[in-house]
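Using the working numbering, the first residue of the first sequence is number 33, and each one after it goes up by one.
Every residue gets a Cβ at the ideal spot worked out from N, C-alpha and C, and that includes glycine.
Heads up, the thing below is written out as structure tokens.
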Amino acid sequence: MEDNKIRVRFAPSPTGYLHIGGARTALFNWLYARHYKGTFVLRIEDTDQVRSTEKAVNVILEGMKWLGLDWDEGPGKGGEYGPYYQMKRLHIYQEYTEKLLKDEKAYCCYCTREELANSREKQVRENKSLKYDKHCLNLSEEEKKRYETEGRKPVIRLKIPAKKIVFNDLLRGEVTFDGELLSDFVIMKSGGIPTYNYAVVIDDALMKITDVMRGDDHISNTPKQIVIYEALGLDVPKFAHIPMIMGQDHSRLSKRHGATSVMEYKKVGYMPEAVVNYIAHLGWSPGDEREIFTKEELIKEFSLDKISKHAAVFSMEKLNWFNSEYLKNMSIDSLTKTLLPFLKEANYIENEESLSPAKIEYIKEVLKLMQGRIKNFSQFIDYADYFFMDKINIESQAFDSVLNKEGVVGILQALKKKLSTLKCWNEESIENAVREVASSLQIKGGQIIHPTRVALSGKKVGPGLFELMVVLSQNKTVKRLKEAIEKIEDAKKISN
RNA sequence: GGCGCAAUCGAAUAGUGGUUAAUUCAGCUGGCUCUCAAUCAGCAAACGGGGGUUCAAUUCCCCCUUGCGCCA
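Given below as structure tokens:
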């Protein structure tokens, strides 16, 4: 029973951040492992010494944790098949390489960059597929020695058998490649560093990975990896190549399509559950109409046969929709808790810990007005700024088109007078007061409401005016009406 | 250049050898309303092209096209 347990892995290169595509691959593997009660391994592929950094490892781990994708073996966790960093496994690759050399399944190649380029150029000219010319396949010991004394450092190449290489993709069925067209590719670079395809095979085999689920950009790498498995006499795992995620223009998802880093979404104020829910739908569907899924439901429903085969396009609008759905359904308490760091960041509050109960209550009231109007917390910071600023910033377009108009000063003055003496500050009495002012001036409600909204918030759009006033308080309402009146009069003076 | 993978409304996906080809996001119209959002009602919108197989193809097969990827 133990032997049948599914083992999958996510193996990122720590060369940047955890991007959306990587996160989706991680998610699918995680869901697959959790669904079948298998093991989810995290392995760091850090053999690109130039681009790999410790910081990038941490950023990726952080991203995984934020999304709630916990791993059973890997960095910080250990496990019986470690180490889980490729650079700590160099001796293992070396060991297998010596075996391949001894078995004459691989050979040293001393060709220089120039020699390879020349050969390649010739192949291009002859319209042939690009392939190593096997110049070093049968070097004698003397020739090898001569190259070494010249100071050449060899790379190790694998001999590719000239036969069909077939594998059964769990998603796509039988995929066939012609080994004849494959080059004797490099498995070990001259510095003793394994190439991607080589390290990945040894690691997957030694870590007893049963199912390799990865982006379909790896389909063409698979035959090479199978050749390595066979040369090493290792069991070939099952493969499932999932579709890639593209930008709106159907090119590879990149920064110009918007945020591609998962942590960027945290920063802008998305809920990890919403991001997970959305990316789960990129290339996968439950087979019916449901859209909103908890992680537990995703685990329950996830299966390979519901993964589509064609590339998916990332849509910010749809993500926004998912996120606002989550925000709408959150309790005010947890919403408040999540919002606090953003308020701090925007300097709307001093300190998250030392907030007075009254202030927390105030934040909750503001949140109630904004919940359902925002797609993320950055938008809250933007839309609700006037609740947290002493001097508000009146948008110039709103000022010109709504406030700086004939008759507005008189309206605001009348309203100010009425509100400043209002005894009872609740939605109902405020509405009554506003309507009374309107009817005494013989104008429609809207003619008083719109300028007042701009005077109080600096914006033309926002929550219902009366509830806004209740939260803002009588003092501030009156004060801002006064300030708006002054501002309009100043503008009139200047233009005259 | 060689090889591989893919192809349903603008996007994500359902679905089927015979259907009015469905749902969600986005878009548009209208209701509600002080604006926006939310919400409700409605509209518009797709089987890439060509050959087969078949009584019947969006669905199965082949070719083309397009997109994406791998190889340097």
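Query                                                                                                                        : Result
Bridge partners - residue 316, DSSP secondary structure assignment                                                           : 339
Close Cβ partners of residue 488 (< 6 Å) along its chain, the five nearest in sequence each way excluded                     : 512
Residue 51 beta carbon less than 7 Å from that of residue 292                                                                : yes
Inter-stretch contact at 8 Å, needing at least 3 Cβ pairs: the region 328–346 / the region 400–407                           : no
Of the listed residues 383, 236, 273, nearest to residue 337 (C-alpha basis)                                                 : 273
Nearest to residue 84 (by Cα), restricted to the options 110, 48, 181, 69                                                    : 48
Which of helix, strand or coil DSSP assigns to residue 34                                                                    : The predicted position of residue 34 is uncertain, since its pLDDT is 48 and thus under 50; no value can be drawn from it.
Assigned secondary structure, residue 114 (DSSP; H/G/I helix, E/B strand, else coil)                                         : coil
Bounding residues of the beta strand (DSSP E) (the contiguous stretch that carries residue 200)                              : 196–201
Those residues which DSSP pairs with residue 243 across a bridge                                                             : 270
Neighbourhood of residue 231 by C-beta distance below 8 Å, restricted to the same chain and skipping five residues each side : 77, 79, 118, 121, 125
Touching by the beta-carbon criterion (3+ pairs, under 8 Å), the region 246–259 and the region 185–199                       : yes
In chain order, each alpha helix (DSSP H) run of at least 4 residues that lies wholly inside the region 425–506              : 440–452, 459–472, 477–489, 497–504
Span separating the alpha-carbon of residue 314 from that of residue 137                                                     : 41 Å
Identified DSSP bridge partners for residue 209                                                                              : 197
Contact set for residue 33: own chain, Cβ-Cβ below 6 Å, skip 5 residues either direction                                     : For residue 33, the predicted structure reports a pLDDT of 40, less than 50, and the residue's modelled location is therefore unreliable. A value from the coordinates is still provided. Excluding sequence neighbours, residue 33 sits near nothing in its chain.
C-beta contact flag for residue 457 and residue 304 at 7 Å                                                                   : no
Of the listed residues 493, 276, 287, 219, nearest to residue 57 (C-alpha basis)                                             : 276
Cβ-based neighbour list, residue 360, same chain, cut-off 8 Å, excluding 5 preceding and 5 following                         : 403, 404
Bridge partner(s) assigned by DSSP for residue 42                                                                            : 74
Local conformation of residue 139 per DSSP, three classes                                                                    : strand
Limits of the unbroken beta strand (DSSP E) element including residue 190                                                    : 187–190
Cβ-Cβ distance between residue 368 and residue 396 below 7 Å                                                                 : yes
Endpoints, the alpha helix (DSSP H) within which residue 276 is located                                                      : From DSSP, residue 276 is part of no alpha helix (DSSP H); its letter is neither H nor E.
Other residues of its chain near residue 37: CB distance less than 6 Å, five sequence neighbours each side excluded          : 70
Inter-residue Cα distance where the pair is residue 418 and residue 509                                                      : 11 Å
The region 511–527 touching the region 426–438, judged by at least three CB pairs closer than 8 Å                            : yes
Alpha carbon of residue 131 to alpha carbon of residue 265, nearest angstrom                                                 : 11 Å
Any 3 or more C-beta pairs closer than 8 Å across the region 447–467 and the region 478–492                                  : yes
Close beta carbons around residue 55, own chain, < 7 Å, minus the five adjacent residues each side                           : 95, 99, 294, 311
Buried or exposed by the 16-neighbour rule on C-beta atoms within 10 Å, applied to residue 421                               : exposed
Cβ pair residue 187, residue 221 closer than 7 Å                                                                             : yes
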